[in-house]
Amino acid sequence: MKNLLVASLGGLAMLAAPAQAQDDEGKLQIKVLGTYVAPDGKITEFTTDNVGLPAGTQTEANDNVVPTLAIEYFVSPNFSIETICCLTQHDVDAVSGLTGAELVSDGKVIPATFTAKYHFDAGAVKPYIGAGATYFWWVDVEPGADTIPLGVTRTTLSDEFGFVLQAGTDISLGENGFGLTLDAKRYFVDTTARWYAGETLAIETEHKLDPWVISAGVAFRF
19 MKNLLVASLG GLAMLAAPAQ AQDDEGKLQI KVLGTYVAPD GKITEFTTDN
69 VGLPAGTQTE ANDNVVPTLA IEYFVSPNFS IETICCLTQH DVDAVSGLTG
119 AELVSDGKVI PATFTAKYHF DAGAVKPYIG AGATYFWWVD VEPGADTIPL
169 GVTRTTLSDE FGFVLQAGTD ISLGENGFGL TLDAKRYFVD TTARWYAGET
219 LAIETEHKLD PWVISAGVAF RF
């Protein structure tokens, strides 16, 4: 009986060891990242044109590199919820029709994003995939330098919901919760751009943003 009890306790200890190791990894992970943001920005539709834009006018938004903070909570060892915090700034320039003209200046957007992620356990390297929702909140938009001489006094970009796909990997370095992380997201979100002369709407266009967002940095799990 004593031998059976010892064997049973030993078996339970072996089962508990992986669970304890998983618990030791911690449920909260914070990532400090450098992020490359590459939006599209092309026009998909002209809904108002009271100034007679040249035929074939098309636009493009510039790329940017920004710091990013990500906060992730592990519901289980393989499943987590993540949100990011950043602000990125972009200009919109014409690439045809009005080639080289700056149409939007210093458009600042907060891409509020939540994703659900599934993690594959490959030891110290843990790849993951995820998907979620985003809300692009434009906090400041200025008329482009080349629109002001034409009488434009105000430019707006509409706040919009969208969705996002995600993939990446976390690489653990040692036993203290520190590691490296690589992440790629593809956003699918549009915006409506409006240019006003005083209170009169002069131009309204629909734009596809759909940025690629590539990040790399360090992670702290506790």
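Numbering (our numbering), first residue to last: 19 to 240. Even glycine gets a Cβ: it sits at the ideal position worked out from N, Cα and C. In this text, all values refer to a predicted model and were calculated from it rather than measured experimentally.
So, at 7 Å on beta carbons, what are the nonlocal neighbours of residue 178 in its own chain, with the 5 sequence-adjacent residues on each side left out? Here residue 178 corresponds to residue number 160 of the sequence shown, with the count starting at 1. Only 154, 207, 208 and 209 meet the Cβ criterion.
When you compare only the Cα positions, how much space is there between residue 165 and residue 231? Here residue 165 corresponds to residue number 147 of the sequence shown, with the count starting at 1. Here residue 231 corresponds to residue number 213 of the sequence shown, with the count starting at 1. C-alpha separation (whole angstroms): 29 Å.
Decide if residue 125 is buried, meaning its Cβ has at least 16 other Cβ atoms within 10 Å, or exposed. Residue mapping note: residue 125 aligns to position 107 of the sequence shown, counting from 1. Counting C-beta atoms within 10 angstroms of its own C-beta, residue 125 has 16 or more neighbours from the protein chains shown and is therefore classed as buried.
Taking the beta carbon of residue 106 as the centre, do at least 16 other beta carbons fall within 10 Å, making it buried, or is it exposed? As a working mapping, residue 106 is identified with position 88 in the sequence shown. Answer is buried; the Cβ neighbour count reaches 16.
Where residue 175 falls, given that 16 or more other Cβ within 10 Å makes a residue buried: On the sequence shown, position 157 is the one that residue 175 refers to. Per the 10 Å Cβ criterion, buried.
Would you kindly check if the distance between the Cβ of residue 74 and the Cβ of residue 115 is under 8 Å? To locate residue 115, count along the sequence shown from 1; it is residue 97. To locate residue 74, count along the sequence shown from 1; it is residue 56. In this structure, residue 74 lies closer than 8 Å to residue 115 by Cβ.
For my contact list, residue 109 and residue 80 are in at a C-beta cut-off of 8 Å; report their separation, rounded to the angstrom. Stepping through the sequence shown from its first residue, residue 109 is reached at position 91. Stepping through the sequence shown from its first residue, residue 80 is reached at position 62. Confirmed, about 5 Å.
Given a threshold of 16 other Cβ atoms within 10 Å of its Cβ, counted over all protein chains shown, does residue 103 qualify as buried or as exposed? Reading the sequence shown from its first residue, position 85 is the one you call residue 103. So residue 103 ends up on the exposed side.
Just to confirm, is the Cβ distance from residue 171 to residue 205 under 8 Å? The residue labelled residue 171 in the question sits at position 153 within the sequence shown. The residue labelled residue 205 in the question sits at position 187 within the sequence shown. Contact flag unset, no.
Between which two residues does the beta strand (DSSP E) holding residue 162 run? Numbered from its first residue, the sequence shown carries residue 162 at position 144. No beta strand (DSSP E) contains residue 162, which DSSP labels as neither H nor E.
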